Amino acid sequence: MLNNIKPKTGRLLISEPFMSDPNFKRSVVLLSEHSEDGSVGYILNQVANVILKDVMQDLWEADNHIYFGGPVAANTLHFIHRAYDKLQSGEHIGNGLYWGGNFETLKILINTNALEESEVKFFMGYSGWENGQLDQELAQNAWMVSDVSDLDLIFGNDDEKLWRDVIVNLGPKYAHVSNFPIDPSLN
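For the sequence shown, position 168 matches number 1624 in this note's numbering, and the numbering has no gaps at all.
Spelled out as structure tokens, the structure:
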């Protein structure tokens, strides 16, 4: 294992620097569910070429970016937020983060500008692992695991920097990994 932190709901998966799977290359995944049945998460740093009002016409002012959450059910819309005080719904996944919630309330909050873009993040599709699959990938050093240290990183829009920052936050033992080239043959 690249590090000894175990995956659990609310933690981050950070792809190893040379991952060949294009879905997860240099990705940071927030685990919204992790149990003996499997894991579900959302890629935080792969913005899609669409904004919220493009997929939901009744959100006429919603310029929120939509992210590629993962290759599973890519035609579904999901969200995480840090605005429980406003939404009064969602499943707490740790550290002030919530998964999902009442979508009708969310639409009202967005249309009345009562919810900041930095309080919610939207995803098309999700990432999923069957029971034992993520453990196998961790044993193969495909992922590092981290706690969420800064919610502003999670809800920020600097997608390229997120992967590096999360690795650096693991400590000096891992910081050098953030400087590895995307293609090691170019080194």
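Using N, Cα and C, we set each Cβ at its ideal position, and we do this for glycine too. All of these numbers come straight from a predicted model, not from anything done at the bench.
Isoleucine 1564 versus Leu1543, Tyr1554, Phe1578, residue with shortest Cα-Cα distance = Leu1543
inquiry  = Rounding to the nearest angstrom, what Cα-Cα distance links glycine 1550 and leucine 1468 in this structure?
reply    = 11 Å
message = Can you find the residues in the same chain that come closer than 8 Å, C-beta to C-beta, to tyrosine 1523, ignoring five residues on each side of it along the sequence?
response = Tyr1498, Ile1499, Leu1500, Asn1501, Gln1502, Val1503, Ala1504, Lys1577, Phe1578, Phe1579, Met1580
ask   = Tell me, which residues are paired with isoleucine 1507 by DSSP?
value = His1521
request  = Taking 7 Å as the cut-off, decide whether the C-beta atoms of tryptophan 1619 and valine 1484 are in contact.
outcome  = yes
Beta-bridge partners of phenylalanine 1578, as assigned by DSSP = Ile1522, Phe1535
request  = Please go through the same chain and pick out, in chain order, the residues whose beta-carbon is closer than 6 Å to the beta-carbon of phenylalanine 1559, but skip the five residues on each side of it.
outcome  = none
request  = Identify the continuous beta strand (DSSP E) that holds isoleucine 1470 and give its terminal residues.
outcome  = 1468-1471
inquiry  = What would DSSP say about tryptophan 1516, mapped onto helix, strand or coil?
reply    = coil
key: Distance between beta carbons of glycine 1584 and serine 1488, contact taken as under 8 Å   = Contact doesn't hold; Cβ gap of about 10 Å is too wide.
message = Could you give the first and the last residue of the continuous alpha helix (DSSP H) run that contains valine 1624?
response = 1615-1624
key: Residues near glycine 1557 by beta carbon distance below 7 Å, same chain, minus five either side   = His1537, Leu1543, Ser1545, Gly1546
For leucine 1487, the residue or residues it bridges with in DSSP = Gly1497
Identity of the residue in Leu1590, Tyr1540, Asn1587 nearest alanine 1570 by Cα = Tyr1540
query = Can you tell me the Cα-Cα spacing of glutamine 1592 and methionine 1512, whole angstroms?
reply = 38 Å
message = Contact defined as beta carbons within less than 8 Å: I believe serine 1602 pairs with valine 1624. What is the distance between those atoms, to the nearest angstrom?
response = That pair is no contact at about 10 Å.
ask   = If you run the structure through DSSP and keep just helix, strand and coil, what is glutamate 1573?
value = helix
key: Nearest neighbour of leucine 1508, chosen from Thr1532, Ser1491, Asp1493, Glu1492 [CA to CA]   = Thr1532
key: Cβ neighbours of valine 1506 in the same chain (closer than 6 Å, five flanking residues each side left out)   = Ile1522
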